[in-house]
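Heads up, the thing below is written out as structure tokens.
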Amino acid sequence: PKELTALQGEVGNLGDLIDAKEEVLLARMEETERYDQGLVKATTQLEGAEINHQQKVANLKSRQQQLIDQLNTKEPAQQTAREMCSPNLLHIYDRVGKANKGIAIALVESDRCSECRLSIPKKLLETLKTAGEFVYCNSCGRILCRAVYK
Numbered sequence: 008p009k010e011l012t013a014l015q016g017e018v019g020n021l022g023d024l025i026d027a028k029e030e031v032l033l034a035r036m037e038e039t040e041r042y043d044q045g046l047v048k049a050t051t052q053l054e055g056a057e058i059n060h061q062q063k064v065a066n067l068k069s070r071q072q073q074l075i076d077q078l079n080t081k082e083p084a085q086q087t088a089r090e091m092c093s094p095n096l097l098h099i100y101d102r103v104g105k106a107n108k109g110i111a112i113a114l115v116e117s118d119r120c121s122e123c124r125l126s127i128p129k130k131l132l133e134t135l136k137t138a139g140e141f142v143y144c145n146s147c148g149r150i151l152c153r154a155v156y157k
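Residue numbers (this note's numbering): 8 to 157.
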């Protein structure tokens, strides 16, 4: 009877230990299931993002090709126009363009510089109408040119 009681106690302890381990195992299985669901969701989001990225890359490559084609058609006209100008004027134009992210000339639209959008003083506008020399925007430094509308 003592041995039986001891064995029954040990069986009870082992049963409790098994129950505790089963609870831990069940909790881990539930946690794994949540992680698997999260993985599926994250994988779906990643696939969507990759497809979106591929579409954007394709669109950008298409736009890049359009710009290259546009550049190739405009470069000969630009070269012809440059050949018609004196070296001194080209030097000034290139210097102003380099200082202003490649844009050397700004149109005057409604008494404003088309690039920086700031008002041009009346005195500069008068000088622009009559002068045979370059007139520069006080704000951005670009060469001002009156807009001619047809």
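Positions of the beta carbon are idealized from the N, C-alpha and C atoms, including for glycine.
Roughly how far, in whole angstroms, is the beta-carbon of residue i from the beta-carbon of residue j, given that I think they are within contact range, below 8 Å?
{"i": "I110", "j": "C152", "result": "That pair is no contact at about 12 Å."}
{"i": "C120", "j": "C147", "result": "6 Å"}
Do residue i and residue j have their C-beta atoms closer together than 8 Å?
{"i": "R149", "j": "V103", "result": "yes"}
{"i": "L132", "j": "D118", "result": "yes"}
{"i": "N107", "j": "P128", "result": "no"}
Please classify residue i as buried or exposed, where buried requires at least 16 neighbouring CB atoms within 10 angstroms.
{"i": "V142", "result": "buried"}
Inter-stretch contact (C-beta, 8 Å, three-pair minimum) for the stretch 120-129 and the stretch 87-104: no
Contained beta strand (DSSP E) runs [length at least 3] in the stretch 97-123, N- to C-terminal order: 112-116
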